[in-house]
Amino acid sequence: MPLVPFAVSGQGTGVAQTVSVSGASYVIQTDAYPAFGGEDKHPSPLAYTLASLSSCNQVTSTIVARELGITVESVKFDVTADFNPTTMTTGTYRESETTFQNLKVVATISTDADAAQFATLQSETERRCPVTELFRLAGVTSTSEWRRTPIGAPVS
Numbered sequence: 015m016p017l018v019p020f021a022v023s024g025q026g027t028g029v030a031q032t033v034s035v036s037g038a039s040y041v042i043q044t045d046a047y048p049a050f051g052g053e054d055k056h057p058s059p060l061a062y063t064l065a066s067l068s069s070c071n072q073v074t075s076t077i078v079a080r081e082l083g084i085t086v087e088s089v090k091f092d093v094t095a096d097f098n099p100t101t102m103t104t105g106t107y108r109e110s111e112t113t114f115q116n117l118k119v120v121a122t123i124s125t126d127a128d129a130a131q132f133a134t135l136q137s138e139t140e141r142r143c144p145v146t147e148l149f150r151l152a153g154v155t156s157t158s159e160w161r162r163t164p165i166g167a168p169v170s
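For the sequence shown, the working numbering begins at 15 and goes up steadily by one.
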């Protein structure tokens, strides 16, 4: 399969930026929390990072579910992490200390999958999700909890 090119271009002042996505008609607005000099008018790059993990898991799980021949009615991914600002704010780098710590993904999936299929859905999604892989390669320790609910049940 050929590589899929992605390109963005960001421009801004201070900590706020407008990012154009090559070939797209939309832009991404970013800002920072007041503690980092921003006005918190738009999501921070760190919020976008966790949002990328959530949405990439959803895309990957959809692909895996299709391959398994199971129906996924709805999904919810809750992603939490603690951010260590030491390197960003002080310039101090400490070996083996990651920027994101205590990363946790909680997935609630409404599906017709049986227990074995659901276990495969989880393991294959986690193995194949590009953003999950970025966190893993960066040395971020993570945990995940996947919950299966029947189709028609509310996902909350």
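The beta carbon of each residue, even a glycine, is placed where N, CA and C say it ideally should be.
Is the separation between the beta-carbon of residue i and that of residue j shorter than 8 Å?
i, j, result
"threonine 113", "threonine 101", "yes"
"valine 18", "serine 34", "no"
"threonine 44", "proline 57", "yes"
"isoleucine 84", "glutamine 136", "no"
"cysteine 143", "asparagine 71", "yes"
"glutamate 87", "threonine 125", "yes"
"alanine 79", "glycine 52", "no"
"threonine 134", "leucine 60", "no"
Assign residue i to one of three DSSP states: helix, strand, or coil.
i, result
"phenylalanine 20", "coil"
"valine 29", "coil"
"threonine 155", "coil"
"serine 34", "strand"
"valine 169", "coil"
Just the Cα atoms here: how many angstroms apart are residue i and residue j?
i, j, result
"threonine 139", "threonine 163", "17 Å"
"isoleucine 165", "alanine 121", "15 Å"
"tryptophan 160", "isoleucine 42", "30 Å"
"threonine 155", "tyrosine 47", "24 Å"
"threonine 94", "serine 69", "14 Å"
"aspartate 54", "tyrosine 40", "20 Å"
"aspartate 92", "serine 110", "26 Å"
"serine 158", "lysine 118", "6 Å"
"alanine 152", "phenylalanine 20", "21 Å"
"alanine 127", "glutamine 115", "32 Å"
"methionine 15", "arginine 141", "18 Å"
"glycine 28", "alanine 49", "13 Å"
"alanine 167", "isoleucine 123", "10 Å"
"alanine 38", "alanine 65", "19 Å"
Within 10 angstroms of its Cβ, does residue i collect 16 or more other Cβ (buried), or is it exposed?
i, result
"valine 169", "exposed"
"threonine 146", "buried"
"phenylalanine 149", "buried"
"leucine 67", "buried"
**Asked** Mind pulling the beta strand (DSSP E) runs of 3 or more residues that sit fully within the stretch 77–151?
**Response** The DSSP assignment places complete beta strand (DSSP E) segments of no fewer than 3 residues inside the stretch 77–151 at 86–97, 114–125, in order along the chain.
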